[in-house]
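Here the protein sequences come in this chain order: Y and H. Each residue of the first sequence is one higher than the last, beginning at 472 in the numbering used here. Each residue of the second sequence is one higher than the last, beginning at 119 in the numbering used here. Glycine included, each C-beta is placed from N, C-alpha and C at the ideal position. Nothing here was measured: the structure is a model prediction, and the numbers come from that model. What follows is a single structure, written as structure tokens, with notes after it.
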Amino acid sequence: VTLLEQNPRWRLVPRGQAVNLRCILKNSQYPWMSWYQQDLQKQLQWLFTLRSPGDKEVKSLPGADYLATRVTDTELRLQVANMSQGRTLYCTCSAALQGARDTQYFGPGTRLLVL
Amino acid sequence: GDSVTQMQGQVTLSEDDFLFINCTYSTTWYPTLFWYVQYPGEGPQLLLKVTTANNKGISRGFEATYDKRTTSFHLQKASVQESDSAVYYCVLGFWNYAQGLTFGLGTRVSVFP
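Now the structure itself:
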């Protein structure tokens, strides 16, 4: 059973341009939603966890700037800007009954390539 | 800070071989320990989970053993199949959700018939 839908699945991003990603939650039993990035060396890194509609967070990492927004109980968005190297962004969901010790379920990912 | 070390970047095996992946971690907190697996073209998925209250986890023929004394968390499987070819990540999770999961660099396992 698919818990998360991510779109687009891939995108070519001209250098200097921002891109917006969406993640849709299919099962409300797993309301804690997060973003993770995976770099070209396959290293996975946590970015954000947002629980409530209206929550927003920003973060700058080597190679990209991020703005995450929890739009509704079922939709999470991520804006990626100033990206210098390709990467894959994964949305996750969890019941979080034990905080981050609960299982996190990963979506299929959005692969970003820099033009 | 918290860290996870997987020394083996790549492991190449034949079917029915024994798989062993070593993982050590460093943290001042009480973690839950995970192994996640990522198949080509897919997102990571949970393979198994071990808390510090119990020392072992078993799933799909894989076994993970936790040793608090050496802060190690090894993954093993007695007899691998070609379908086990994937990247395996050793992962820490904490109560505080604001920390997210901490991933090791991953071990690419390739199994040939």
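| query | Within 9 Å (strictly less), CB to CB, does Y:W517 reach chain H? | reply | yes
| request: Spell out whether any CB of chain Y is found under 9 Å from the CB atom of H:W69. | output: An answer regarding residue 69 of chain H cannot be provided, because it is not within the stretch 119 to 231 covered by chain H.
| Applying the criterion that 16 or more other CB atoms from any shown protein chain within 10 Å of the CB defines a buried residue, is Y:R558 buried or exposed? | buried
| task | Report yes or no: do the region 542–559 of chain Y and the region 493–513 of chain Y share at least 3 C-beta pairs separated by less than 8 Å? | result | yes
| task | Determine the extent of the beta strand (DSSP E) in which H:T123 is found, giving its start and end residues. | result | S121 to T123
| query | From Y:M554, Y:S523 and Y:Q514, pick the residue whose C-alpha is nearest to that of Y:S531; which is it? | reply | Y:M554
| Whose CA, out of Y:T473, Y:G487 and Y:P479, lies closest to the CA of Y:L560? | Y:P479
| Which whole runs of the beta strand (DSSP E) in the region 493–575 of chain Y are 3 residues long or more, in chain order? | 503–509, 515–521, 527–532, 535–541, 546–552, 558–565 and 568–571
| Which one or two residues does DSSP pair with H:E181 in a beta bridge? | H:I176 and H:Q194
| C-alpha distance - H:Q128 paired with Y:A535, whole-angstrom precision | 28 Å
| task | Could you list which residues in chain H have their beta carbon closer than 7 Å to that of Y:K530, in chain order? | result | Near Y:K530 there are no residues of chain H at all, since even the closest Cβ is about 11 Å away, more than 7 Å.
| message | Does the CB of Y:G578 have a neighbour CB from chain H at under 9 Å? | response | yes
| task | Anything in chain H within Cβ reach of Y:S505, meaning under 8 Å, just list it in chain order. | result | G218
| query | What residue range is occupied by the uninterrupted beta strand (DSSP E) comprising H:G98? | reply | With chain H represented from 119 up to 231, any question about residue 98 of chain H goes unanswered, as that position is not in the structure.
| Cβ shell of H:V209 (< 8 Å), same chain only, five flanking positions each side left out | V122, L151, F152, W153, Y154, L219, T220, F221 and G222
| request: In angstroms with no decimal places, state the Cα-to-Cα distance between H:Y148 and H:Y184. | output: 13 Å
| query | Among the residues of its own chain, which have a CB less than 7 Å from the CB of Y:A567, if the five just before and after it don't count? | reply | W503 and D573
| message | Given a cut-off of 9 Å on the beta-carbon distance, is the pair H:V205 and H:V227 in contact? | response | yes
| query | How about H:K186: is its C-beta nearer than 9 Å to some C-beta of chain Y? | reply | no
| Who are H:G211's beta bridge partners in DSSP? | H:T150
| query | If you compare alpha carbons, which of Y:V551, Y:L511 and Y:Q514 is closest to Y:E528? | reply | Y:V551
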